[in-house]
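Peer 1: Reminder that position 146 of the sequence shown reads as 356 in the working numbering, one-by-one numbering, no gaps.
I'd like to ask some things about the structure below.
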Amino acid sequence: HTNNNISDEILAGEEEHEGPQSEEPLPVIDEATSNDEDKTLNELLASLNSTKIRRLHKYTDLQIKFMHTHNEFNRMLQAFVDVMVSNGKLNQARRILDEILSDQERRRSSKVLAWRYVTNVQAFNSLYFGYAETGNLPALQKLFETMRKFNIKPTLESYAAAISCLGSMELFDSSIARRIILDLEKEVLLKTKKQDFES
211 HTNNNISDEI
221 LAGEEEHEGP
231 QSEEPLPVID
241 EATSNDEDKT
251 LNELLASLNS
261 TKIRRLHKYT
271 DLQIKFMHTH
281 NEFNRMLQAF
291 VDVMVSNGKL
301 NQARRILDEI
311 LSDQERRRSS
321 KVLAWRYVTN
331 VQAFNSLYFG
341 YAETGNLPAL
351 QKLFETMRKF
361 NIKPTLESYA
371 AAISCLGSME
381 LFDSSIARRI
391 ILDLEKEVLL
401 KTKKQDFES
């Protein structure tokens, strides 16, 4: 859906810039975020003469810049959560994450496109292991629910943290352990079927 929204916004911008403005120089990706693929793309754009093709690739370039910004935001978020958790400030890390997700939900409901949305599961995993160390199962379960709400799939690390949390508790909850194992089996089965299909 994000790609469609980006395309819609781009098409709207294209209509606003009809005419002589379509001959403007193509933008290049900032050096700070460039890599070999970006340089190759910029070289390709510079070699194109057709106005129609140049405009098409110009917008493709804008999409790439959008994704660079989005990825950088998620890397910074993970680094922030890692530092907070390692310093025992789980509540502060969780509060910031919840604020970002709430803002993300508001923008999604109003169909506003922005790069500031969370897709990095490792930021959640850092919190999982923080809760596991303290045996805070309710907080961990709530975080699982939040992940599913925002369509972020747990990884094996996520389940490992949940099992570790159960081991840290004085009273072992077998029903929760059973649910975790069932989820794990389902996850492994889906991955196995996908690998078989792709092979």
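Every residue, glycine too, gets a C-beta built ideally from N, C-alpha and C.
(1) DSSP state of T365, grouped into three classes?
(2) Hey, quick one: how far does the alpha helix (DSSP H) through V331 stretch, first residue to last?
(3) Rounding to the nearest angstrom, what Cα-Cα distance links V291 and K352 in this structure?
(4) Determine the DSSP secondary structure at F283, reduced to helix, strand or coil.
(5) Would you check if there are 3 or more beta carbon pairs closer than 8 Å linking the region 337-344 to the region 362-378?
(6) Around the C-beta of P348, are 16 or more other C-beta atoms found within 10 angstroms, so that it is buried, or is it exposed?
(7) If distances are taken between C-alpha atoms only, which option among S336, N361, I306 comes closest to L350?
(8) Could you tell me the boundaries of the alpha helix (DSSP H) in which A324 lies?
(9) Can the beta-carbon of F354 be found less than 8 Å from the beta-carbon of L311?
(10) For the alpha helix (DSSP H) that contains F354, what are its first and last residues?
(11) Would E233 be called buried (16 or more neighbouring beta carbons within 10 Å of its own) or exposed?
(12) Given a threshold of 16 other Cβ atoms within 10 Å of its Cβ, counted over all protein chains shown, does R304 qualify as buried or as exposed?
(13) Report the three-state DSSP secondary structure of K299 (helix, strand or coil).
(14) Rank Y338, S368, R358, L307 by C-alpha distance to the C-alpha of F283 and give the top, closest one.
(15) Could you tell me which of N301, M277, A370 sits nearest to Y327, measuring between CA atoms?
(16) Let me check understanding here. Comparing Cα to Cα, which of Q314, A324, A289 lies closest to K275?
(17) Whose C-alpha, out of R316, S368, Q302, I390, is nearest the C-alpha of N330?
Peer 2: Short version:
(1) T365 falls in the coil class under three-state DSSP.
(2) Per DSSP, V331 belongs to the alpha helix (DSSP H) from 331-344.
(3) Between the alpha carbons of V291 and K352 lies a gap of roughly 17 Å.
(4) F283: helix per DSSP, three-state reduction.
(5) Result yes; three or more Cβ-Cβ pairs closer than 8 Å.
(6) By the neighbour-count criterion, in which a residue is buried when 16 or more other Cβ atoms sit within 10 angstroms of its Cβ, P348 is exposed.
(7) Ranking S336, N361, I306 by Cα distance to L350 puts S336 first.
(8) Bounds of any alpha helix (DSSP H) do not take in A324, whose DSSP letter is neither H nor E.
(9) The answer is no: Cβ separation not under 8 Å.
(10) Taken as a continuous stretch (DSSP letters only), the alpha helix (DSSP H) holding F354 covers 347-359.
(11) Since pLDDT at E233 reaches only 41, below the 50 mark, its modelled position is unreliable, and no value is offered.
(12) Residue burial annotation: R304 is buried, with at least 16 other C-beta atoms found within 10 angstroms of its C-beta.
(13) Here K299 sits in coil by DSSP.
(14) It is L307.
(15) That would be M277, whose Cα lies nearest to the Cα of Y327.
(16) Selected option, being the one with the closest Cα: A324.
(17) Comparing Cα-Cα distances from N330 to each of R316, S368, Q302, I390, the minimum goes to S368.
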